[in-house]
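Working notes, structure below.
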Ligand SMILES: Cc1ncc(C[n+]2csc(CCOP(=O)(O)OP(=O)(O)O)c2C)c(N)n1
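Chains as they are written, first to last, in the working numbering: chain A, 1 to 327; chain B, 1 to 327.
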């Protein structure tokens, strides 16, 4: 089996620009949410993934509509990339009828089966056994679709994580497990919650490969996931990719994150995935001022429109509190 | 001697005093260490007692409770914190199959003196997984005690009692009350015994049984009825298992009418059991059927509009009291 870190790939300029667009859109969406929380317009349930965008863009970019994603609580961008409109995601955060939950729940606690999106609950790690179930059906049907399942390094300490990876390993399921290792689980740093440096090595205990990569390099993430996805599609079983990254904001928008130092944050901000990629694109003459401006304007319009739409969307009818309980 | 504390501070004080009194008491849970817990309950404990007795755990609810049980078997008195009561389900097996049954299967030769603290309840815009009221699951499991204080005074006194109790105690802290409920708290070592209800308001026309965050709206409803010349006796159960049958029956003998109010859902909530016990043992004392005001049988939605529809409140309780006394 080829080492997945070195999978060959070639992206056309339009594809590179599309990646750039997604990175910027996802960043801008979360930044707007953060402001909306401060303004009291969005009540709670906001866990931004600012600083971690390269993981979502790099892993979702090579997916088909039929492939499934099982995102974690910071992965709003993966919903957008899988085809949910910005208006719908914004409505979700505003608890409006036009959101995926129709006001029942916030954040990413809802999914769209037709678009290959499984929505987790708050229960960390609980998405992973379900990812295995989704993958098992692909195996039964002998189709070459894959499941990409996300979890934090903190969630890799749950029983569900271990049960899911074991099942996936035994069954050789077409799953790519993506660990978004942002160094902290809420206030608890990695070294206080596990006695290993790399979550990636956990894969070995379940009989498949795990690799640790730079999660702030969108092309590195893309390359590794391309390799892992190819393996999964070929029936060669799961892979774990640990993406080292950092969350810039607090755990939630209420958390002041005093458990880490300003220096540490500044160090990671200097590894911001977006400028790194921008420099790369400009050096290759894929991106120039005009193109960047056009993309940025498109993003601002999209987000302004989404907020406007969500603000004006109707609240649910009170009686809807007791519907949709049974099929 | 007493002083004014919030419900949250009262819990913290009980923990600190018990840890000072008994070196066998220690706390464990997610982010309880330097961070002081998601709600700040354990703030200061890490500095005073150190990392061996204030243990930041990985995200592993089953392990948090299992470790507590193991330590309890060796004479320790662990106090486990669930970050939210909603996540108690991730440690469910350890509570219901290990802790609850141990004494029984050991032929009474051992016990499991653990406390599982769990911030429960809604009305904080938390949505499906940050609002739950799981008391009935544990009331239903023989071998467990379940406590749910409504005042700062009781929060302190009952937590002390729970820590000293030789049985596993599920200690439900209502998050709505954490900073909103303030009141006198005894200085020093005063205990509120488990299994004893408190009469919050006397009255001869109807008995209202409630607990937790429902005590305040119940008292408000009773005040409204008083203006109509109806005196309602409001009993705060405080302990849900074993509930104070003697206090309930004594009040019923006086009033002949009972309303149960709880935030938990209706079907097989504590109200169902109280109603059945009263019907079986005190049928002759009843002038009206036992009525209930509860959450409907549904989940806790995120939208304010939906949550308000579900939550019992002063208006709903007032209406039920009027029906009860008119019967
Ligand atoms: C089973 C469970 N326990 C506790 C929590 C509370 N909680 C929410 S996020 C979080 C930290 C998660 O850390 P990690 O998995 O590393 O993801 P990150 O938030 O860092 O992206 C905790 C403890 C939860 N959601 N689920």
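We treat Cβ as the ideally placed atom computed from N, Cα and C, and that holds for glycine.
Residue range of the unbroken beta strand (DSSP E) whose run includes residue 295 of chain B | 291-295
Neighbour list for residue 124 of chain A in chain B, Cβ cutoff strictly below 9 angstroms | 59, 87 and 90
Under the criterion of a Cβ to heavy atom distance below 7 angstroms, does residue 297 of chain A qualify as lining ligand 1?
-> no
Those residues which DSSP pairs with residue 80 of chain B across a bridge = B:28 and B:116
Can you name the residues of chain B whose CB is closer than 7 angstroms to the CB of residue 155 of chain A?
-> 59
Whole-angstrom C-beta distance between residue 238 of chain B and residue 211 of chain B, which should lie under 8 angstroms = 6 angstroms between Cβ atoms; contact.
Can you tell which of B:109, B:48 and B:31 has its C-alpha closest to the C-alpha of residue 81 of chain B?
-> The shortest C-alpha separation from residue 81 of chain B is found at B:31.
Touching by the beta-carbon criterion (3+ pairs, under 8 angstroms), the stretch 61-73 of chain A and the stretch 264-283 of chain B = no
In the DSSP assignment, what residue or residues form a beta bridge with residue 173 of chain B?
-> B:119
Assumed close pair residue 117 of chain B, residue 146 of chain B - CB separation to whole angstroms, cut-off 8 angstroms | That pair is no contact at about 12 angstroms.
Under a CB-based cut-off of 8 angstroms, is residue 109 of chain A close to chain B?
-> Output row for residue 109 of chain A: interface = yes.
Please name the residue or residues paired with residue 185 of chain B in a DSSP beta bridge.
-> B:3
At least one CB of chain B closer than 8 angstroms to the CB of residue 74 of chain A: is that the case?
-> no
Can you name, in chain order, every residue of its own chain whose Cβ lies under 7 angstroms from the Cβ of residue 316 of chain A, other than the five neighbours on each side?
-> Excluding positions up to five away in sequence, the list reads 97, 102 and 103.
Contact with chain A by residue 306 of chain B, beta-carbon distance below 8 angstroms = yes
Any idea what DSSP makes of residue 374 of chain A, helix, strand or coil?
-> Look at the range of chain A in this structure, 1 to 327, and you will see that residue 374 of chain A is not part of it.
Taking buried to mean at least 16 other C-beta atoms within 10 Å of its own C-beta, is residue 245 of chain A buried or exposed?
-> buried
With respect to the beta strand (DSSP E) encompassing residue 294 of chain A, which residues constitute its N-terminal and C-terminal limits?
-> Careful: residue 294 of chain A lies outside any beta strand (DSSP E), inside the alpha helix (DSSP H) at 289-312.
Does the Cβ of residue 108 of chain A lie closer than 7 angstroms to at least one heavy atom of ligand 1?
-> no
Residue 181 of chain A (DSSP reduced to helix, strand or coil) = strand
Who are residue 150 of chain A's beta bridge partners in DSSP?
-> Bridge partners of residue 150 of chain A according to DSSP: A:178.
Do residue 258 of chain B and residue 219 of chain B have their CB atoms nearer than 8 angstroms?
-> no
Return yes when at least one heavy atom of ligand 1 lies under 7 angstroms from the C-beta of residue 123 of chain A, else no.
-> yes
Residue range of the alpha helix (DSSP H) that residue 59 of chain A falls in?
-> 53-60
Going by C-alpha distance, which of B:127, B:193, B:171 and B:138 is nearest residue 157 of chain B?
-> For the residues B:127, B:193, B:171 and B:138, the minimum Cα distance to residue 157 of chain B belongs to B:193.
Beta carbon proximity, residue 125 of chain B to chain A, threshold 8 angstroms | yes
N- and C-terminal bounds of the alpha helix (DSSP H) containing residue 154 of chain B = 152-164
Among B:307, B:320 and B:312, which residue has its Cα nearest to the Cα of residue 125 of chain B?
-> B:307
Residue 262 of chain B - containing beta strand (DSSP E), residue span | 258-265
Rounded to the nearest angstrom, how far is the Cβ of residue 76 of chain B from that of residue 26 of chain B, given a contact under 8 angstroms?
-> 7 angstroms
By DSSP, does residue 149 of chain B sit in helix, in strand, or in coil?
-> coil
Taking buried to mean at least 16 other C-beta atoms within 10 Å of its own C-beta, is residue 20 of chain B buried or exposed?
-> exposed
Runs of beta strand (DSSP E) lying entirely within the stretch 200-285 of chain B, each at least 3 residues, in chain order = Counting only runs of 3 or more residues that sit fully inside the stretch 200-285 of chain B, the beta strand (DSSP E) segments are 206-210, 232-236, 239-241 and 258-265, in chain order.
With 16 other CB atoms within 10 Å as the buried threshold, where does residue 90 of chain A fall?
-> buried
Measure the Cβ-Cβ separation of residue 152 of chain B and residue 247 of chain B and say whether it is below 8 angstroms.
-> no
When the Cβ atoms of the stretch 185-199 of chain A are set against those of the stretch 54-63 of chain B, are three or more pairs found closer than 8 angstroms?
-> yes
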